[in-house]
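Report on one structure; see the data block that follows.
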Amino acid sequence: MTRDDLASFRAGFAHCELVMLADTSAGTVLTFASAIHQGQERLDDLCTTACTLFRSELPVFGLAVLSGPRGSKLFLQSPRDPSEVICAVLGPRADVPTICAALGRLADQESVT
Amino acid sequence: MTDHPSIATILARAAALGTDSQTLNAPTAEEAQGFVLDALAACIAPRDLTILDGGQPLLRLEAAAGQLSRLVSLPDTAPAEARALAGHPLMFTDLETVARTLARLLPGDQQLQCRSAPPAQPPDPAQPGIAVDALYRQLGLAPPDAVIPDRWAYLLDAAEEMLIAVVEPGKAPRQICPDRPMTGALERQIRTLLDPPTPAINTLDKNEILFFTLASDPDLAIGLAQEGAHPRAMVIEAGAMAEVAAFWASLAHVPLACAR
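As they're listed, the protein sequences go chains A and B. Letter by letter, the first sequence follows residues 19 to 131 of the numbering used here. Letter by letter, the second sequence follows residues 6 to 265 of the numbering used here.
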């Protein structure tokens with residue numbers, strides 16, 4: 019999955035601020051695309067949350083959604099390699115179900131290429 | 006970054022929305038009026054706000070410090086007494102006129118957008134204008150924070166048809182959907198999640214909820230939240246997870262109609 023893939027995905031949704039691909043086995047950010055400049059600290063925080071969700075004793079598998087007054091964060095494991103997690107940061111007015119479905123299609127496309 | 010929650014929230018929302026101006030499909034008057042009042046309330050520094058309907062300018066307002074300070078320009082459809090106020094500093098005695106004007110110009114079934122710019126001249130501090138809170142009350146609206154004292158209970162009510170079970174510390178699990186009994190293994194799993202310290206709870210900020218699907222039962226999703234010191238969980242159909250999460254996120258900013 020390239021930065022261009024993430025950028026074109028993000029451009030499809032006005033309330034999608036950031037899309038990032040994280041490697042939770044190494045705890046690193048592989049690539050990302052964002053509407054505005056993102057500090058490394060914010061990317062690292064998102065990566066840490068992905069690692070906490072998918073690499074701790076939590077029984078999380080597949081998809082996790084963290085929602086609050088500032089919007090929602092989606093975390094989706096890649097079907098091809100579950101250690102890779104696509105993260106998306108959405109604004110509070112985002113259409114979460116539609117973006118979740120699109121994120122699933124993005125991950126599925128990646129798994130067959 | 007300041008610790009003031011409202012400032013932090015406003016900054017985060019601005020960042021989350023990127024550089025695009027906000028657009029809202031407002032099918033009801035409450036949503037249309039709430040959209041404009043939300044935009045006014047978010048103005049800390051003086052701002053000149055242009056409200057567009059379907060891409061066309063509808064009205065221009067000037068706001069600062071959570072106060073509506075001036076009606077800059079209004080369409081011909083606005084009440085004559087409001088058009089007479091345009092361009093002049095507003096006073097609290099103009100509250101009814103301004104509320105009536107907003108009600109007339111924002112009847113719902115609109116596609117609204119808000120553009121923000123610095124005002125041509127700073128507002129006169131001796132003329133503070135009309136508090137947005139007073140406009141909320143005059144229009145029969147209230148921010149949900151004021152009308153939803155217990156968001157968790159509100160969510161449970163709203164998501165009743167999707168709920169399978171609710172687990173709260175110190176209480177027996179409540180089975181909501183008798184057709185989908187919660188297994189003992191799932192119940193034990195949730196109780197483990199609710200016993201602090203848990204990594205899941207540590208990932209939650211105030212008023213956040215975490216939904217996730219399970220490897221053991223991919224058709225189910227667990228929602229974890231923490232109200233005060235007490236973590237709690239709900240079990241829902243996995244297919245409803247995104248909708249319920251979006252509903253929870255929307256609770257913070259969509260004004261709700263309430264009794265005057």
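Yeah, the Cβ is synthetic: ideal placement off N, Cα and C, and Gly gets one too. If you're wondering where the values come from, they're calculated on a predicted model, not measured in any experiment.
Using a Cβ-Cβ cut-off of 7 angstroms, D210(B) is close to G86 of chain A, given in chain order. Secondary structure remark: continuous beta strand (DSSP E) runs of at least 3 residues inside the region 140 to 214 of chain B, in chain order: 168 to 172. For the pair Q116(B) and G59(B), the CB atoms are nearer than the 7 angstroms cut-off. Taking a Cβ-Cβ cut-off of 8 angstroms, the neighbours of A251(B) in chain A comprise S85, S90, A112, D113, V114, P115, given in sequence order.
Beta-bridge analysis with DSSP links E242(B) to L225(B). For the pair S255(B) and S90(A), the Cα-to-Cα distance works out to about 10 angstroms. Using a Cβ-Cβ cut-off of 8 angstroms, L29(B) is close to R111 of chain A, given in chain order. By the Cβ neighbour-count rule, H33(A) is buried, with 16 or more other Cβ atoms within 10 Å of its own. Rounded to whole angstroms, E35(A) and D23(A) show a C-alpha spacing of 15 angstroms. Within the same chain, Cβ atoms closer than 6 angstroms to the Cβ of Q72(B) are found at P133, G134, A136, the five residues on either side in sequence being excluded. Not a single CB atom of chain A sits nearer than 7 angstroms to the CB of E35(B). In the three-state reduction of the DSSP assignment, E36(B) falls in the helix class. Inclusion of L110(B) and D99(B) in the CB contact set at 7 angstroms is not warranted, their separation being larger than that value. Residues of the region 210 to 230 of chain B with a Cβ closer than 7 angstroms to any Cβ of chain A, in chain order: D210, N212, E213, I214, L215, F216, F217, T218, L219, A220, S221, P223. Cβ-Cβ separation between W157(B) and A251(B): approximately 17 angstroms, too far for a contact (criterion under 8 angstroms). 7 angstroms or more divides the Cβ of G80(A) from the Cβ of T102(B). Here DSSP, grouped into helix, strand and coil, assigns I104(A) to strand. From the listed residues V249(B), L161(B), V41(B), the smallest Cα separation to A108(B) is found for V41(B). Annotated as distal: A190(B) and P178(B), with beta-carbon spacing of 7 angstroms or more.
Among the residues of chain A, those whose CB is under 7 angstroms from the CB of A247(B) are V83, V114, P115, C118, following chain order.
When beta bridges are read from the DSSP output, L73(B) appears opposite A68(B), I135(B). CA-CA distance, R123(A) to P223(B), rounds to 18 angstroms. Sorting L71(A), Q127(A), P77(A), I54(A) by C-alpha distance to the C-alpha of C105(A) places L71(A) at the top.
Counting only the Cα atoms, A53(A) lies some 10 angstroms from V107(A).
Judged by beta-carbon spacing, L140(B) lies beyond the 7 angstroms limit of A83(B), meaning their Cβ atoms are not closer than that value.
It is roughly 10 angstroms from the alpha-carbon of T55(B) to the alpha-carbon of Q61(B). Spatial neighbours of R28(A) in its own chain (CB-CB distance under 6 angstroms, excluding positions within 5 residues in sequence) are listed in chain order as C34, V37, A51. Chain B has no Cβ within less than 7 angstroms of the Cβ of F50(A). Within chain B, no C-beta atom comes less than 7 angstroms from the C-beta of V37(A); the nearest is roughly 12 angstroms away.
Boundaries of the beta strand (DSSP E) around R52(B): 52 to 58. Here S78(B) is bridged, per DSSP, to R65(B). Between L215(B) and L84(A), the CB-CB gap stays under 7 angstroms. For Q118(B), no alpha helix (DSSP H) segment is defined; the enclosing uninterrupted segment is the beta strand (DSSP E) at 115 to 122.
Here P94(B) is actually not in contact with D138(B); their C-beta atoms are around 19 angstroms apart, not less than 8 angstroms. For a Cβ distance threshold of 7 angstroms, residue set Q194, L219, A220, S221 of chain B lies close to P77(A), ordered along the chain.
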